[in-house]
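One structure is given here, and the rest of the page talks about it.
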DNA sequence: TTCAAAAAAGATAAACCTATCCTTTTTTAA
DNA sequence: TTAAAAAAGGATAGGTTTATCTTTTTTGAA
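Protein chains in written order, with our numbering: chain A, 6 to 148; chain B, 6 to 148.
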């Protein structure tokens, strides 16, 4: 459902957001370490997050990645849309190209209820709120 | 979440089950057509379903695939376990290796609730029940 | 008993996703 | 002005999944 790249992206965004609230701009290397992801690949993922304006990047010495105030209020679904595309929460569990309430696959109704709930939670949860949960120390970005 | 192979497998199993109730044993070609999947790949998927005893195969003329009575009562989760493995409904939405109620990722609780509901529905829904729904004509295996 | 039909098995290819490396561009502080 | 730091971009490699093709085995019927 959610690609590995996208999982890295969510972890990275939440870490960057958690540091941004302390006015710190971590670089690729630090971010990769904190989320336990390969540095070079993390760089690519961060490039995308920056391209889609989910985080902001600053080049040069003392540069790095950070979140502006309004970016903290972006819902997590924005990350998924940017990295994996907008179809993720619309795909049929049995792979039909057109599966809907009107033309359902045999598992449509039981599946779509949960899928819609998931979509809703991705739409309602902001990057900033996850960052605050992380700062409080009750949740983790690595093992 | 669920691989393309596994989606083909579920569609194929439900079709075979729906024909088995009429004592018909379709072959690879017919099955591939009915579920709109590539024939050669469908053959591989069917091989696995047969290996894991989710459907039964018969070689030679008048051969094909069918479900025995007890196979109709297998829950759909058995197909997922056979094709994609048993970890599918346990994976962390943010990709942590060990994510649990005790060591949660920032999205753990909102995600795992829905994931557990999905697991339950895969455990409680049998291949035979989906086949009967299909036979009644209210749900579809292709577009 | 032979033959043809059908699945099983094995080998290979194509496509996609993940990952790495190297060069270029931009920015900053000294 | 310049050297260093950092992200951006391009090229390429590795791995996994998806897909195809060919050969082998099994089986029922003529």
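All C-beta atoms in this analysis are idealised placements derived from N, C-alpha and C, irrespective of residue type, glycine included.
As the structure is a prediction and not an experimental result, all values here were calculated from the model.
Against residue i, what residues of chain B qualify as contacts under a CB-to-CB distance less than 8 Å, listed in chain order?
{"i": "residue 147 of chain A", "result": "101"}
{"i": "residue 13 of chain A", "result": "100"}
{"i": "residue 3 of chain A", "result": "Residue 3 of chain A lies beyond the range of chain A shown here (6 to 148); nothing can be said about it."}
Compare the C-beta of residue i with all C-beta atoms of chain B and state if any pair is closer than 8 Å.
{"i": "residue 31 of chain A", "result": "no"}
{"i": "residue 51 of chain A", "result": "no"}
{"i": "residue 91 of chain A", "result": "no"}
{"i": "residue 54 of chain A", "result": "no"}
{"i": "residue 135 of chain A", "result": "yes"}
Between residue i and chain A, is the shortest Cβ-Cβ distance under 8 Å, so that the two count as touching?
{"i": "residue 117 of chain B", "result": "no"}
{"i": "residue 138 of chain B", "result": "yes"}
{"i": "residue 9 of chain B", "result": "yes"}
{"i": "residue 85 of chain B", "result": "no"}
{"i": "residue 130 of chain B", "result": "yes"}
{"i": "residue 19 of chain B", "result": "yes"}
Along the alpha helix (DSSP H) that carries residue i, what are the first and last residues, could you check?
{"i": "residue 20 of chain B", "result": "9 to 25"}
{"i": "residue 79 of chain A", "result": "Where residue 79 of chain A is concerned, there is no enclosing alpha helix (DSSP H), given that its DSSP letter is neither H nor E."}
{"i": "residue 117 of chain A", "result": "113 to 129"}
{"i": "residue 51 of chain B", "result": "44 to 56"}
{"i": "residue 134 of chain B", "result": "132 to 141"}
{"i": "residue 40 of chain A", "result": "33 to 40"}
What does residue i reach in chain A if we use C-beta pairs closer than 7 Å?
{"i": "residue 126 of chain B", "result": "115"}
{"i": "residue 122 of chain B", "result": "119"}
Give the interface partners of residue i over in chain B, defined as CB-CB distance under 7 Å, in chain order.
{"i": "residue 88 of chain A", "result": "Those do not exist, as residue 88 of chain A stays about 12 Å from chain B at its closest Cβ, beyond 7 Å."}
Quick check on this structure: which residue in the options has the alpha carbon closest to the alpha carbon of residue i?
{"i": "residue 7 of chain B", "options": "A:109, A:120, A:57", "result": "A:120"}
{"i": "residue 32 of chain B", "options": "B:46, B:91, B:71", "result": "B:71"}
{"i": "residue 57 of chain B", "options": "B:10, B:88, B:113", "result": "B:88"}
{"i": "residue 80 of chain B", "options": "A:112, A:43, A:47, A:117", "result": "A:112"}
{"i": "residue 54 of chain B", "options": "B:35, B:86, B:34, B:129", "result": "B:86"}
{"i": "residue 10 of chain A", "options": "B:98, B:66, B:23", "result": "B:98"}
{"i": "residue 114 of chain A", "options": "B:123, B:109, B:73", "result": "B:123"}
{"i": "residue 83 of chain B", "options": "B:133, B:127, B:37", "result": "B:127"}
{"i": "residue 21 of chain A", "options": "A:65, A:74, A:108, A:43", "result": "A:74"}
{"i": "residue 29 of chain A", "options": "A:110, A:146, A:17, A:67", "result": "A:67"}
{"i": "residue 27 of chain B", "options": "B:136, B:147, B:145", "result": "B:136"}
{"i": "residue 18 of chain A", "options": "A:76, A:144, A:110", "result": "A:76"}
{"i": "residue 108 of chain B", "options": "A:145, A:25, A:140, A:138", "result": "A:145"}
{"i": "residue 16 of chain A", "options": "B:110, B:147, B:140, B:106", "result": "B:110"}
Here's the rule I'm using: 16 or more other beta-carbon atoms within 10 Å means buried, otherwise exposed. How should residue i be labelled?
{"i": "residue 100 of chain B", "result": "buried"}
{"i": "residue 63 of chain A", "result": "exposed"}
{"i": "residue 91 of chain A", "result": "exposed"}
{"i": "residue 94 of chain B", "result": "buried"}
{"i": "residue 34 of chain A", "result": "exposed"}
{"i": "residue 133 of chain B", "result": "buried"}
{"i": "residue 42 of chain A", "result": "buried"}
{"i": "residue 142 of chain B", "result": "exposed"}
{"i": "residue 39 of chain B", "result": "buried"}
{"i": "residue 13 of chain A", "result": "buried"}
{"i": "residue 166 of chain A", "result": "Because chain A here runs from 6 to 148, residue 166 of chain A falls outside it and cannot be looked at."}
{"i": "residue 44 of chain A", "result": "exposed"}
{"i": "residue 52 of chain B", "result": "exposed"}
{"i": "residue 117 of chain A", "result": "buried"}
{"i": "residue 129 of chain B", "result": "exposed"}
{"i": "residue 103 of chain B", "result": "exposed"}
{"i": "residue 23 of chain B", "result": "buried"}
Need the endpoints of the beta strand (DSSP E) that residue i sits in, please.
{"i": "residue 63 of chain B", "result": "61 to 63"}
{"i": "residue 71 of chain A", "result": "69 to 71"}
List, in chain order, every chain A residue whose beta-carbon is nearer than 8 Å to that of residue i.
{"i": "residue 144 of chain B", "result": "109, 110, 111, 113"}
What in chain B is Cβ-close to residue i, meaning under 9 Å?
{"i": "residue 63 of chain A", "result": "The contacting residues do not exist; residue 63 of chain A stays about 25 Å from chain B at best."}
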